[in-house]
Amino acid sequence: LSYRYNLAEKDKAPSFQVTTNIKEDQNLLIMDVCAEYVPGSGNDQEKESNMAVMEIALPSGYTAETDAFNAIEAVDRVKRTETKNSDSMIIVYFDGLKPADSKCVPVRAAKTHAVAKQKPAAVSIYDYYQTNRRATEYYQVNSSLCDICEGEDCGSSCQKLKESNN
1 LSYRYNLAEK
11 DKAPSFQVTT
21 NIKEDQNLLI
31 MDVCAEYVPG
41 SGNDQEKESN
51 MAVMEIALPS
61 GYTAETDAFN
71 AIEAVDRVKR
81 TETKNSDSMI
91 IVYFDGLKPA
101 DSKCVPVRAA
111 KTHAVAKQKP
121 AAVSIYDYYQ
131 TNRRATEYYQ
141 VNSSLCDICE
151 GEDCGSSCQK
161 LKESNN
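Quick note on numbering: UniProt numbering labels position 66 of the sequence shown as 66, and the sequence is numbered without any gaps.
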C-alpha cells in the first residue's frame, strides 16, 4: 500500500511579487490583485519581464463577472483577459512587468452557490517565455459551515452568527 499527495506551496525565490486585497460582499467577491516583477541576482537583472501571464483561480462557488473585464483591460500593460474552467479562472496577459511598478487588476466574481469551509485559492503569475520565473500567492474568502444551512438545520450557534452579521 502506498500513498501519494501534493502540497500547495509558495515559490522559494519568486520572480514576481503578488498581493491580494479582498473586499467581500454577501454575494460578490471584489478583489484587487497586484503584481510586479522582481529581477533575480547576477545576469538575471533585466529591466522588465517578458510577457507575463496571471492566473487567478476563484474560490469554489464563484464565477467571474466577464462584463467587468473592461476594467481589467484598462490597466496599463494588460493586453488580454479571458476565462477558463467554466469562468472559475481568470487569465490576464501583460505586455511585461517592471520592478517597483505594481499593476493592480480589479476582479469581480459572483457567488453562484454556497460552499462551506472553503480552501485557499491561488493567484499565479509567470513569465510566458521563461516559466521558471514565477510566483504563487494564496488567498481565502471567509466561509463557515453556517453558510450552507437554512432555517432549523442551522442550529443555535449559526443563528447567533447570522444575527450578529446583520
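We put the CB at the ideal spot given by N, CA and C, even for glycine.
Fair warning: this is a prediction, and the values are worked out from it, not measured in the lab.
Name the residue from the options whose alpha carbon lies nearest to the alpha carbon of residue i.
i, options, result
"V33", "T20, E24 and N132", "T20"
"A135", "S49, I22, M31 and E150", "S49"
"E36", "F94, P59, L28 and M89", "F94"
"V53", "G96, T66, A71 and P14", "G96"
"D127", "I30, K23, M51 and N27", "M51"
"A109", "N27, T83 and A64", "A64"
"G61", "E73, L28 and D67", "L28"
"P14", "V141, C154 and I125", "I125"
"V141", "N85, K111 and D67", "K111"
"L58", "R133, E24 and A71", "E24"
"E137", "K84, S2, L1 and V18", "V18"
"R133", "F16, S144, C104 and M89", "F16"
Sorted by chain position, which residues of the same chain lie with C-beta nearer than 7 Å to residue i's C-beta, five sequence neighbours on each side aside?
i, result
"C158", "C146 and C149"
"Q130", "N50"
"Y139", "T20, I22, P120, A121 and V123"
"C154", "C146"
"A71", "P106"
"M89", "E55, I56, A57, L58 and T83"
Since residue i is in the beta strand (DSSP E), which residue starts that stretch and which ends it?
i, result
"E82", "V78 to K84"
"R4", "Here R4 belongs to no beta strand (DSSP E), and DSSP marks it neither H nor E."
"I56", "A52 to A57"
"Q140", "Q140 -> no beta strand (DSSP E), and no H or E assigned at all."
"E36", "L28 to Y37"
"K47", "That residue, K47, is in no beta strand (DSSP E); it is neither H nor E in DSSP."
"E24", "F16 to E24"
"Y62", "Y62 to A64"
Where does the unbroken alpha helix (DSSP H) through residue i begin, and where does it stop?
i, result
"Y73", "Here residue 73 turns out to be Glu, not Tyr, going by the sequence shown. Its alpha helix (DSSP H) spans residues F69 to E73."
Who are the near neighbours of residue i in its chain, counting only those whose CB is closer than 6 Å to its CB and skipping five residues on each side?
i, result
"D87", "T63 and A64"
"I91", "E55 and E82"
"A68", "R108"
"S102", "C34 and E36"
Compare the C-beta of residue i with all C-beta atoms of chain C and state if any pair is closer than 8 Å.
i, result
"I91", "Structure shown: chain C not included; a single protein chain is present."
With a CB to CB cut of under 8 Å and the five nearest residues on each side skipped, what residues in its chain are close to residue i?
i, result
"K84", "I91"
> Just checking, does the segment 74-87 make contact with the segment 113-130 on the three C-beta pairs under 8 Å criterion?
Replying inline: no
>> Report the start-end ranges of each beta strand (DSSP E) in the segment 88-123 that is 3 residues or longer and not cut off at the edges.
In response: 89-94 and 103-111
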